[in-house]
Each structure stands twice: as structure tokens, then as C-alpha cells.
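Peer 1: Pasting in a structure now, in C-alpha cells, and then I'll have a few things to ask.
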Ligand SMILES: CC(C)(COP(=O)(O)OP(=O)(O)OC[C@H]1O[C@@H](n2cnc3c(N)ncnc32)[C@H](O)[C@@H]1OP(=O)(O)O)[C@@H](O)C(=O)NCCC(=O)NCCS
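Right, dumping it as C-alpha cells:
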């Protein structure tokens, strides 16, 4: 049975955290699907205005992160990941809710995300108010050359 009484510490991250984030990234994303970003891609994205990194720690251990971008009134959840052995403890939901709150604080009226079709994370997104709004055929390129569709989801952020 999973322990739901864990103390999840959320904090803003910086470019200095990208090395630690990459260890979570490589463990979290199945290499078959080609979803993980490289450290260089993360650093490049973080250098852009309106992009922020959120870190999740359990017992001082980095167990998850989210990378989010807000431009004008649009926000996008670029990445969210939790270490496989730390899943099911509420870390993903806590990161997602923080991304929603941060996007709201930055003036966004919606938060979008894109993920591989069939990803189990769909359940998390649906339970947090996201609805499917589009499809991109053959968007992800897997290691073996296979292609995977992407599905786009959006969640309105109510005004203050
Ligand atoms: C998606 C992800 C971040 C969720 O992290 P998590 O810490 O396990 O999420 P939570 O513990 O907060 O679970 C939230 C809900 O999502 C559902 N869920 C999450 N991951 C699931 C999975 N792999 N299979 C089935 N259900 C899942 C659960 O039903 C859970 O609901 P509950 O709390 O009512 O039981 C994690 O599975 C992950 O890192 N996946 C790989 C990376 C990825 O695909 N990211 C999304 C695309 S960018």
C-alpha cells in the first residue's frame, strides 16, 4: 500500500539543478518513446523568459520535477516526471498543482500540455481538470525509429 502521508517539499529550481534533474529524467521516461530531453535542451529552455523549473524532494532527495512556460495568458507544462520508485505517493499531483498555481500567478488563463498517446499520466491530468483538445500524429520518435502520436490537453485557469 502506498504511503500518502509523505511530506513533499516543492521548490523553484535553477540551471544549476539541471544535472540532478537529468538523473530523474533518464530514470522516469521510458527510452522506447523518445520523450526525455537532454540537459542541453533543458538549459536552453530554462534560459528563455517565462520558463520555470519546480523541484520535488522527499526526505531531501530529488524525486521529481516539472518544467513550465508561460507566455502572455498561455501556459504550457513542458515536462513532468517522478522517479519510478517514488510514484503513487502524490508527488506528480503536487507538481501539477504547483504548475497550475504558478501559471495562474503569472496571469495565464489556460495550461496546456502534450503527451504521448496512451501515457498512463492521462488519469492524473483528467482528475486535475484537463481535457483533450488535439492530436499530433507521429509526433514522438522512438529509439527504434517508431513514431508515436501526441495528444494535447488543456485546462482552464479560472480568473482571480
Ligand atoms: C505521470 C507521473 C509524473 C505521475 O507521478 P506520480 O508521483 O506517480 O503521481 P501521483 O502519485 O500524484 O498520482 C496521481 C494520479 O495519477 C494516476 N497515475 C499516475 N501515474 C500513473 C501510472 N503510471 N499508472 C496509472 N495511474 C497513474 C494515479 O491514478 C494517481 O491517482 P490517485 O492519487 O488518485 O491514485 C509519473 O508517472 C511519471 O514520471 N511518468 C513518466 C514521465 C511522464 O510520462 N510524464 C508525463 C508526460 S510529460
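In the UniProt record's numbering, the protein residues as written are 1 to 160. Beta carbons: idealized from backbone N, C-alpha and C, even for Gly. All of these numbers come straight from a predicted model, not from anything done at the bench.
Would you say residue 72 faces chain D, with C-beta separation under 8 Å as the test?
Peer 2: Of the protein chains in the structure, only one exists, and it is not chain D.
Peer 1: In three-state terms, what does DSSP make of residue 83?
Peer 2: Walking along the chain shown from the start, residue 83 turns up at place 83. DSSP, reduced to helix, strand and coil, places residue 83 outside both helices and strands of the structure shown, so it counts as coil.
Peer 1: With three or more beta-carbon pairs closer than 8 Å as the criterion, would you say the segment 131-151 touches the segment 91-108?
Peer 2: no
Peer 1: Does the distance from the C-beta atom of residue 111 to that of residue 24 stay below 8 Å?
Peer 2: Working through the chain shown from its first residue, we reach residue 111 at position 111. Working through the chain shown from its first residue, we reach residue 24 at position 24. No; because the gap between Cβ atoms is not below 8 Å, this pair is not in contact.
Peer 1: Could you tell me which residues DSSP pairs with residue 153 in its beta bridges?
Peer 2: The residue labelled residue 153 in the question sits at position 153 within the chain shown. For residue 153, which the question treats as bridged, DSSP gives the partners 113 and 132.
Peer 1: Are residue 37 and residue 77 closer than 8 Å when you measure CB to CB?
Peer 2: By 1-based counting over the chain shown, the position of residue 37 is 37. By 1-based counting over the chain shown, the position of residue 77 is 77. Cβ distance not < 8 Å, so residue 37 and residue 77 don't count as in contact.
Peer 1: If I'm right that residue 116 touches residue 35 with Cβ under 8 Å, what's the distance once you round it to whole angstroms?
Peer 2: Counted from its first residue, the chain shown places residue 116 at position 116. Counted from its first residue, the chain shown places residue 35 at position 35. Their Cβ separation, rounded to whole angstroms, is 6 Å, which keeps residue 116 and residue 35 in contact under 8 Å.
Peer 1: Could you pull out every unbroken beta strand (DSSP E) segment of at least 3 residues lying fully inside the segment 7-59, listed in chain order?
Peer 2: 8-13 and 51-58
Peer 1: Could you tell me the alpha carbon to alpha carbon distance between residue 91 and residue 44, rounded to whole angstroms?
Peer 2: Mapped onto the chain shown, residue 91 falls at position 91. Mapped onto the chain shown, residue 44 falls at position 44. Approximately 25 Å, taken between the alpha carbons.
Peer 1: State the start and end residues of the unbroken alpha helix (DSSP H) segment that holds residue 105.
Peer 2: Within the chain shown, numbered from 1, the residue matching residue 105 stands at position 105. Segment 91-105, the alpha helix (DSSP H) holding residue 105.
Peer 1: In whole angstroms, give me the CA-to-CA distance for residue 18 and residue 134.
Peer 2: In the chain shown, the residue the question calls residue 18 occupies position 18. In the chain shown, the residue the question calls residue 134 occupies position 134. Their Cα atoms are separated by approximately 30 Å.
Peer 1: By the DSSP assignment, the beta strand (DSSP E) with residue 70 in it spans what residues?
Peer 2: Taking the chain shown and counting its residues from 1, the one referred to as residue 70 is at position 70. Looking at the DSSP string, the run of the beta strand (DSSP E) that includes residue 70 is 61-71.
Peer 1: Give me the DSSP bridge partner(s) of residue 143.
Peer 2: Locating residue 143 in the chain shown gives position 143, where the first residue counts as 1. Note: residue 143 sits in no beta bridge, so no partner.
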